Amino acid sequence: MRDRADALIEHVTSGDTHRAVDAVWRMESARIIAGLVRMVGDVGLAEELAQDALLAALEQWPASGTPGNPGAWLMAVAKRRAIDHLRRDQRLDVRHEQLAHELAVRPDTAEADLDAALDDDVGDDVLRLMFVSCHPALSHDARVALTLRLLGGLRTEEIARAFLVAEPTVAQRVVRAKRTLADLKVPFEVPAGPDRAVRLSSVLEVIYLVFNEGYTATAGDDWIRHDLCHEALRLGRLLARLAPDEAEVHGLVALMELQASRSAARTGPEGQPIALHEQNRGRWDLLLVRRGFTALLRARQAGGPLGPYVLQAAIAACHARARSAEETDWEQIAALYALLAQVLPTPVVQLNRAVALAMAHGPEAGLELADTLLAEPALKGYHRLPSVRGDLLARLGRHEEARREFERAAALTLNLPERTILLDRAATCAAAAVPEVGGTLAEAATAFLGRAELDPATVRSYGQTLGRLRRELGDDLPLRGVHAARVTEICASAWGDAAAATWNRHRGAIRSFSAWAGAHGLLSGDLAAGLIRRSEPRGRTRPIDPPRLAALWQRPGLGLRERALWLMLHESAAPVGSVLALNVEDLDLAGRRGKTAAGSRWISWRSGTAELLPGLVAGRRRGPLFLSDRRPGPGRRPAPADLCPETGRRRLSYERAEYLFKQATGHTLSQLRNR
Amino acid sequence: MRFLMTTKANGAAAPDEAVYAEMAKLVEEMTQAGVLLATGGLDPVGVHVTATDGTMTVTDGPFAEAKEAIVSFALIEARSQEEAIELSRRFWKVVGSGEGNIQQVFGPED
Chain A
1 MRDRADALIE HVTSGDTHRA VDAVWRMESA RIIAGLVRMV GDVGLAEELA QDALLAALEQ
61 WPASGTPGNP GAWLMAVAKR RAIDHLRRDQ RLDVRHEQLA HELAVRPDTA EADLDAALDD
121 DVGDDVLRLM FVSCHPALSH DARVALTLRL LGGLRTEEIA RAFLVAEPTV AQRVVRAKRT
181 LADLKVPFEV PAGPDRAVRL SSVLEVIYLV FNEGYTATAG DDWIRHDLCH EALRLGRLLA
241 RLAPDEAEVH GLVALMELQA SRSAARTGPE GQPIALHEQN RGRWDLLLVR RGFTALLRAR
301 QAGGPLGPYV LQAAIAACHA RARSAEETDW EQIAALYALL AQVLPTPVVQ LNRAVALAMA
361 HGPEAGLELA DTLLAEPALK GYHRLPSVRG DLLARLGRHE EARREFERAA ALTLNLPERT
421 ILLDRAATCA AAAVPEVGGT LAEAATAFLG RAELDPATVR SYGQTLGRLR RELGDDLPLR
481 GVHAARVTEI CASAWGDAAA ATWNRHRGAI RSFSAWAGAH GLLSGDLAAG LIRRSEPRGR
541 TRPIDPPRLA ALWQRPGLGL RERALWLMLH ESAAPVGSVL ALNVEDLDLA GRRGKTAAGS
601 RWISWRSGTA ELLPGLVAGR RRGPLFLSDR RPGPGRRPAP ADLCPETGRR RLSYERAEYL
661 FKQATGHTLS QLRNR
Chain B
1 MRFLMTTKAN GAAAPDEAVY AEMAKLVEEM TQAGVLLATG GLDPVGVHVT ATDGTMTVTD
61 GPFAEAKEAI VSFALIEARS QEEAIELSRR FWKVVGSGEG NIQQVFGPED
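Here it is in structure tokens:
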């Protein structure tokens, strides 16, 4: 539902008169509506009547010109409408009739008189209207919407834009709020007695809510969001004029003035928030600071116990008095927070107190208090707790814990610029958490080997590699000046002829060092880039384990030659070449041995081989014991000693034998040697 | 939005006491409402300065055009220029006759 006046004002987009009517409406509507509520006793009806008057102004002023006292003109028209309404009303009671009569006979055409009448008691009416529109029976959202509408003269559409909600939502809130007030027959009065304090705190709360909504708006937001600050200040000052004896009202005004004085300094060019201690105090608005001090003075003059707004304003005043962040009187602020925590014992106040304590008495004091808040359910999703703890931990040099806290805070905040700042701080802590490592080769090597997680054997092994590099390159060479090509040269000359395993061990040490240095920003390239891993003849020194061997002997379909060769290698533990070089004529089958080709040594075997050999010899009297499957081609005639005179086949070559064994088992023949 | 309202000398007769009293009341009311941030009267006889490349020259008053001299100012906080105009209407209703200007003062958000 849209109000007629809303639609009309929006419809009229040009013309000085219309804009003037709009301005007058904003300035006068609170007084007019308040006066009408007193007459007709219903907020909704009063607003309707006031809008009738506004419509009349929009119709008449363009032709007649803006009247000398536009507010009084609007009030006069609205009152006439009110009288008409009361007379039309079917349910007229005597009181209404009297009222209508009284109003009718009053010479309301004289603008000056009306104006005086308006000034006389309208102040009280506006105050009553404030208490009604901030009635605790209404939801917070409804109180805010109704207050901005009735007392701020804001249109539904403007309220919706300011609070980033849909227009129908706001319209509905206002309608429902008016109905609730009518249903509850909320009296149009300034509450008295014990009720007064509760009702007043609701009014203050609504105003401060409006202020904070505007204060937290970011640079890119609609201007109307920022305007909420001014609106809240306006309402606060109005309230202070209407209720000058209430210290808390002046306290709230002082608090808002002082906070608003920093608005130009509290965001950077990119909209990022600037913390209080980093703000350029030259950009604080001294006019507002002075107004804040004046309001705080009025609050103290009003007397009474120190309430939450007065105390918060006093804290803000401490900041405002300090010409620089260093001159801030943190002891005074911590003392004020202690008082505030008594009247407003919320976790957020305690958190702020922790910050003040840390500034006044050191980070330990602050952290001690902040740590007690970790279990607070109210602070569970609140980014400031980890953010404050991160700050205090960082100041205590506990960088790793600080980093985690800043990262947690960054994940919780919804404000993008703030998240960036928190992540920056986390990164700073992460860098600080790593011990400072110098940039020379010697310093880096020492830090690398000094890590607690290395076992002594690794330290010794890595130390050998790095020691060689340091001797060749010099300890003072900056690590960034070490090039992979030079490292390759050094390694090649030092360990180029060493076993593959040795080479690979040094290579591994350099790779590990290089990766570590890269991770700590000491190096950008890979020092081991030119070092190629060498394939180690795996298992030459490692025999095949017994269960696998047992399985091998049981393997079905294995050829007689293979079985005999493999068993002989295993049982004799003789070198592969010697076994393959055996000749039939050199065998001593009964003695289970054979003479090597050189004739100087015997190869001995056991029963397994002995069982197989007669089958393998197969009646041959001379020539190679182990023969290849095929005869050699005509172009490749082997030496006569490698040729079997009876079959014409050549001796089984090492390569072929190795190939067959590798195919069958994945191992090398030398691994068969039983040692 | 802030606006600077200025009034010119204009050769008008000095205001009487009744006008002063009413003006004081208006100033007080507007200050309390937070609308009037600062106000003051100005001596029409001042000094004139000109600067060329950073070098300043001071010339004694009075100004060539006496009626152009600004004799009072008011810094006000308003939601729109129209509202500023409406506020100045109250001022001129008290003063009666004269002339002046209303100019927006740019703040950080403008």
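In the order they appear, the protein sequences are chains A and B. 197 is the number that UniProt numbering gives to position 197 of the first sequence; each next residue is one higher, with no gaps. 33 is the number that UniProt numbering gives to position 33 of the second sequence; each next residue is one higher, with no gaps. For every residue, glycine included, the Cβ atom is placed at its ideal position computed from N, Cα and C. On a predicted model such as this, the values are computed, not experimentally measured, just so you know.
Inter-residue spacing [alpha-carbon to alpha-carbon] between residue i and residue j
{"i": "Leu-523(A)", "j": "Ala-517(A)", "result": "6 Å"}
{"i": "Asp-476(A)", "j": "Arg-281(A)", "result": "48 Å"}
{"i": "residue 684(A)", "j": "Leu-385(A)", "result": "Residue 684(A) is absent from the model: chain A starts at 1 and stops at 675."}
{"i": "His-230(A)", "j": "Phe-211(A)", "result": "8 Å"}
{"i": "Gly-521(A)", "j": "Ala-509(A)", "result": "19 Å"}
{"i": "Leu-569(A)", "j": "Gly-648(A)", "result": "25 Å"}
{"i": "Leu-373(A)", "j": "Ala-365(A)", "result": "14 Å"}
{"i": "Thr-57(B)", "j": "Phe-293(A)", "result": "39 Å"}
{"i": "Pro-107(A)", "j": "Asp-245(A)", "result": "The predicted model places Pro-107(A) with a pLDDT of 47, which falls under 50 and marks its position as unreliable, so this point remains unresolved."}
{"i": "Glu-257(A)", "j": "Leu-235(A)", "result": "12 Å"}
{"i": "Ala-17(B)", "j": "Ser-97(B)", "result": "What sits at residue 17(B) in the sequence shown is Glu, not Ala. Near 16 Å, if we compare the C-alpha coordinates of Ser-97(B) and Glu-17(B)."}
{"i": "Leu-344(A)", "j": "Pro-308(A)", "result": "6 Å"}
{"i": "Lys-662(A)", "j": "Pro-575(A)", "result": "17 Å"}
{"i": "Leu-45(A)", "j": "Pro-136(A)", "result": "21 Å"}
{"i": "Val-47(B)", "j": "Asp-53(B)", "result": "20 Å"}
{"i": "Ala-402(A)", "j": "Val-355(A)", "result": "15 Å"}
{"i": "Val-584(A)", "j": "Ala-639(A)", "result": "17 Å"}
{"i": "Arg-179(A)", "j": "Cys-134(A)", "result": "14 Å"}
{"i": "Phe-232(A)", "j": "Ile-207(A)", "result": "The identity of residue 232(A) in the sequence shown is Ala, whereas the question assumes Phe. Spanning the two alpha carbons is a distance of roughly 5 Å."}
{"i": "Leu-357(A)", "j": "Ile-224(A)", "result": "37 Å"}
{"i": "Ile-532(A)", "j": "Gly-633(A)", "result": "40 Å"}
{"i": "Ala-317(A)", "j": "Arg-395(A)", "result": "26 Å"}
{"i": "Glu-368(A)", "j": "Gly-525(A)", "result": "45 Å"}
{"i": "Gly-608(A)", "j": "Ser-572(A)", "result": "11 Å"}
{"i": "Thr-109(A)", "j": "Lys-79(A)", "result": "Its pLDDT being 42, under 50, Thr-109(A) is placed unreliably by the model, and the measurement read from it follows with that caveat. Computed Cα separation, rounded: 11 Å."}
{"i": "residue 691(A)", "j": "Arg-81(A)", "result": "Only positions 1 to 675 of chain A appear in the structure, and residue 691(A) is not among them; the question remains open."}
{"i": "His-667(A)", "j": "Ile-544(A)", "result": "8 Å"}
{"i": "Phe-513(A)", "j": "Arg-471(A)", "result": "16 Å"}
{"i": "Arg-408(A)", "j": "Arg-353(A)", "result": "21 Å"}
Within chain E, the residues that residue i reaches when beta carbons sit closer than 9 Å
{"i": "Lys-93(B)", "result": "Given the protein chain composition of this structure (A and B), no chain E is represented."}
Integer Cβ distance of residue i from residue j, believed to fall under 8 Å
{"i": "residue 676(A)", "j": "Val-126(A)", "result": "Residue 676(A) lies beyond the residue range present for chain A, which begins at 1 and ends at 675; the question has no answer from this structure."}
{"i": "Phe-406(A)", "j": "Ala-433(A)", "result": "Going by Cβ atoms, the distance from Phe-406(A) to Ala-433(A) rounds to 12 Å, so no, they are not a contact pair."}
{"i": "residue 676(A)", "j": "Glu-82(B)", "result": "There is no way to answer for residue 676(A), as the model of chain A reaches only from 1 to 675."}
{"i": "Ser-29(A)", "j": "Ala-50(A)", "result": "6 Å"}
{"i": "Val-482(A)", "j": "Leu-441(A)", "result": "6 Å"}
{"i": "Arg-621(A)", "j": "Ala-610(A)", "result": "Going by Cβ atoms, the distance from Arg-621(A) to Ala-610(A) rounds to 19 Å, so no, they are not a contact pair."}
{"i": "Ala-299(A)", "j": "Ala-313(A)", "result": "7 Å"}
{"i": "Leu-311(A)", "j": "Leu-339(A)", "result": "6 Å"}
{"i": "Ile-85(B)", "j": "Ala-20(A)", "result": "7 Å"}
(request) Mind checking the region 12-38 of chain B against chain A and listing, in chain order, the residues whose C-beta falls within less than 8 Å of any C-beta there? (result) Gln-32, Ala-33, Gly-34, Leu-37 and Ala-38
(request) Any chance you could list the alpha helix (DSSP H) runs of at least 4 consecutive residues sitting entirely within the region 562-647 of chain A, in chain order? (result) 576-580 and 607-617
(message) Does the region 247-267 of chain A come into contact with the region 40-58 of chain B, if we say contact requires no fewer than three beta-carbon pairs (one atom in each stretch) closer than 8 Å?
(response) no
(message) Closer than 8 Å is the cut-off here; do at least three beta carbon pairs connect the region 249-268 of chain A with the region 197-217 of chain A?
(response) yes
(request) Kindly confirm or deny that the region 615-635 of chain A and the region 551-571 of chain A touch, where touching means at least three C-beta pairs closer than 8 Å. (result) yes
(request) Please list the residues of the region 21-35 of chain A that have a C-beta atom closer than 7 Å to any C-beta atom in chain B, keeping them in chain order. (result) Asp-22, Ala-23, Val-24, Arg-26 and Met-27
(request) Say whether the region 16-34 of chain B touches the region 234-241 of chain A, bearing in mind that this needs 3 or more beta-carbon pairs closer than 8 Å, one atom from each stretch. (result) yes
(request) Note down, in chain order, all residues in the region 198-230 of chain A with a beta-carbon under 8 Å from any beta-carbon belonging to chain B. (result) Trp-223, His-226, Asp-227 and His-230
(request) Can you give me, in chain order, the residues of the region 280-292 of chain A that have a beta carbon less than 7 Å from any beta carbon in chain B? (result) Leu-287
(message) Any C-beta of chain A within less than 9 Å: which residues of the region 75-86 of chain B qualify?
(response) Leu-75, Glu-77, Ala-78, Arg-79, Ser-80, Gln-81, Glu-82, Glu-83, Ala-84, Ile-85 and Glu-86
(message) Which runs of the alpha helix (DSSP H) at least 4 residues long sit entirely within the region 284-356 of chain A? Give them in chain order.
(response) 286-302, 308-321 and 330-343
(request) Would you check if there are 3 or more beta carbon pairs closer than 8 Å linking the region 123-138 of chain A to the region 175-190 of chain A? (result) yes
(request) Scan the region 382-407 of chain A for residues whose Cβ lies nearer than 9 Å to a Cβ of chain B and list them as they occur along the chain. (result) none
(request) Tell me, please, whether the region 146-164 of chain A touches the region 57-73 of chain A by the rule of three or more beta-carbon pairs shorter than 8 Å. (result) no
(message) Please identify, using Cβ separations under 7 Å, the residues of the region 235-247 of chain A that lie next to chain B, in order along the chain.
(response) Arg-237, Leu-238 and Arg-241
(request) Flag this pair as touching only if the region 500-515 of chain A and the region 459-471 of chain A have three or more C-beta atom pairs under 8 Å; answer yes or no. (result) yes
(message) Under 9 Å, CB to CB, which of the residues in the region 292-320 of chain A have a partner in chain B?
(response) none
(request) Mind the definition here: the region 164-177 of chain A touches the region 134-153 of chain A only if three or more C-beta pairs lie below 8 Å; say whether that holds. (result) yes
(request) May I have a chain-ordered list of the alpha helix (DSSP H) segments no shorter than 4 residues that lie completely inside the region 175-199 of chain A? (result) none
(request) At 4 residues or longer, and completely inside the UniProt domain "Core-binding (CB)" (439-518) of chain A: list those alpha helix (DSSP H) runs for me, N to C. (result) 441-449, 456-473 and 484-495
(message) Which runs of the beta strand (DSSP E) at least 3 residues long sit entirely within the UniProt domain "YCII-related" (1-90) of chain B? Give them in chain order.
(response) 2-8, 36-41, 47-52, 55-60 and 70-77
(request) With a floor of 4 residues, list each alpha helix (DSSP H) that falls wholly inside the region 361-391 of chain A, ordered by position along the chain. (result) 363-372
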